[in-house]
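Input: a single structure, listed below in structure tokens.
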Amino acid sequence: MSEDVDAESHEAEPVETVSPKKKYEFIEDLPGVGPATAQKLRELGYHTVESLAMATARELEPVGVSEKKSFAIIGAARSAIGISFVRADELYKMRQTVLRLTSGSKALDGILDGGLETQTITEFYGEYGSGKSQICHQLCVNVQLHPERGGLNGAALYVDTENTFRLERIVQMAKHLGLDPEQVVKNIIYAEAYTSDHQMFLLENADEVIKANNVKLIIVDSLTAHFRSEYVGREMLAPRQQKLNKHMHKLIGLARAFNAVAVVTNQVMAKPDVFFGDAVHPIGGHIVGHTSHTRVYLRRASHGPVRIARLVSSPYLPEGEEILKVTENGIEDVSEEEKASRSRGR
Ligand SMILES: Nc1ncnc2c1ncn2[C@@H]1O[C@H](COP(=O)(O)OP(=O)(O)OP(=O)(O)O)[C@@H](O)[C@H]1O
Ligand SMILES: [Mg+2]
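According to the numbering used here, the stretch in the sequence shown is residues 1 to 346, in order.
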């Protein structure tokens, strides 16, 4: 049965990358997936055709089917949601399906070229109290806004590793935007991760929840805290990076499959040997750096609500720096008057 799948996946027309045809709705509908295989796939965290399309044959090894069959299943899933080789001009069309989510600050949106992108990961890193979790809370509210107001008309999934999520903050922010707090709260799916393995497990099994609830924002706050405390010492560095890499790979797969914004937060470590430039760097080093496409460094301006956001790396945008405020209302712009008084040194 799986043999005719290959032929089908070659047939997929590139333009389908933009408007997927829903040929297979459930994983059992895929050629070569019987009830037993479907069961094993679910145990591995593949509940949807979308997540299977992002899998690799190696990841399907524990299912116990041949490599050829794994390729066939993945190929069918890909053709179903319309992923295939594309020409560069079609890539352009794909880019047009990227949506943007407002951060709440026009200034920050500006350095991000209009807001946080779907299909990629945005990382906020900075010291304790720099506003990373505050931005995450604000995004959970903003994602529910109509696109005309910078939202994505969708729900949020919040993976919390440090028990920092506060409903009270969501209610304050929702009220400020004139939204019904009760409704807003219903559209945030919350999961606390107790260990790094649990954190990975949650994402590995998130595809169904994302699909059923129209989740358009996936947050992991903090990405690195558990990894940092569990993998201590030099010899643990390699396994830690490997796991982090896998975790990020899963996240980017979900963001692409469901056209969602993915956000992670990260603390910073002091660099003892740096005399010039920034003496801090985000935890997780280069692996996290390479997979998270857009990185924003947050820091306190001085005492008070003002924060400095610097776009440190992006696949296509120049570096940039802007200021914003964390207030009772949430993430806000700093007014011109406030800027003027800041530059007068107050
Ligand atoms: N209701 C509020 N009104 C005004 N400012 C607030 C309010 N709640 C939080 N803040 C501000 O946000 C700060 C906390 O920021 P946040 O929790 O986002 O830090 P973080 O970067 O996530 O830190 P960590 O690394 O510890 O997770 C507080 O110190 C305060 O300045
Ligand atoms: Mg935090």
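Think of the CB as a built atom: it goes at the ideal place given N, C-alpha and C, for glycine as much as any other residue.
All values derive from a computational prediction rather than experimental measurement.
Exercise. Where do the N-terminal and C-terminal ends of the beta strand (DSSP E) with F124 fall, by residue?
Worked result: 121-126
Exercise. Helix, strand or coil for T265 per DSSP?
Worked result: strand
For this session: For K132, name the three-state secondary structure that DSSP assigns.
Result: If DSSP states are grouped into helix, strand and coil, K132 belongs with the helices.
Problem set entry | Separation of E50 from Q138, as counted between CA atoms | Approximately 27 Å, taken between the alpha carbons.
Exercise. Going by DSSP, what residues sit across from L157 in a beta bridge?
Worked result: I189, I218
Problem set entry | Residues of its chain near A107, where Cβ-Cβ distance is below 7 Å and the 5 sequence neighbours each way are ignored | Excluding positions up to five away in sequence, the list reads E322, I323, L324, D333.
Exercise. Just reading off the alpha helix (DSSP H) that V49 is part of, what are its end residues?
Worked result: 49-53
Exercise. Taking just the CA atoms, how far does A225 sit from S130?
Worked result: 16 Å
For this session: Identify the continuous alpha helix (DSSP H) that holds Y297 and give its terminal residues.
Result: Counting along the chain, no alpha helix (DSSP H) covers Y297; the unbroken beta strand (DSSP E) around it starts and ends at 294-300.
Exercise. Thinking C-alpha only, which one of L254, Q242, L217, L112 is nearest Y46?
Worked result: Of the candidates L254, Q242, L217, L112, the one whose C-alpha sits nearest the C-alpha of Y46 is L254.
For this session: Please report how far the alpha carbon of L101 lies from the alpha carbon of Q172, in whole angstroms.
Result: 19 Å
For this session: Kindly identify the DSSP beta-bridge partner or partners of L311.
Result: V296, G320
Exercise. Cα separation between K243 and E182?
Worked result: 37 Å
Exercise. Helix or strand or just coil, what does DSSP make of V33?
Worked result: coil
For this session: Would you check if the region 212-227 and the region 254-263 touch, i.e. whether three or more CB-CB distances between them fall below 8 Å?
Result: The answer is yes - the region 212-227 touches the region 254-263, with three or more Cβ pairs under 8 Å.
Exercise. Looking at T56 and ligand 2, is the gap between the Cβ and the nearest heavy atom below 7 Å?
Worked result: no
Problem set entry | DSSP state of P62 mapped onto helix, strand, coil | helix
Exercise. Can you name, in chain order, every residue of its own chain whose Cβ lies under 6 Å from the Cβ of S159, other than the five neighbours on each side?
Worked result: Note that residue 159 corresponds to Val in the displayed sequence, not to Ser. Around V159: A191, A193, L202, V220.
For this session: In the DSSP assignment, find the beta strand (DSSP E) that holds P282 and state where it starts and stops.
Result: 280-282
Problem set entry | A156 versus L167: straight-line alpha-carbon distance, rounded | 13 Å
Exercise. Where DSSP assigns a beta bridge to T327, which residues make up the other side?
Worked result: G330
Exercise. Would the beta-carbon of E162 be found less than 7 Å away from any heavy atom of ligand 2?
Worked result: yes
Exercise. Rounded to a whole number of angstroms, what is the C-alpha to C-alpha distance between T294 and P315?
Worked result: 7 Å
For this session: Tell me whether the beta-carbon of N213 lies closer than 8 Å to the beta-carbon of I189.
Result: yes
Problem set entry | Proximity test, D221 beta-carbon vs ligand 2 heavy atom, cut-off 7 Å | yes
Problem set entry | Straight-line Cα distance separating H249 from R256 | Cα to Cα, R256 sits roughly 11 Å from H249.
Exercise. Across which residues does DSSP place P100 in a beta bridge pair?
Worked result: According to the sequence shown, residue 100 is Arg rather than Pro. R100 has E117 as its beta-bridge partners, per DSSP.
Exercise. So is V141 buried or exposed if we call it buried at 16+ other beta carbons inside 10 Å?
Worked result: buried
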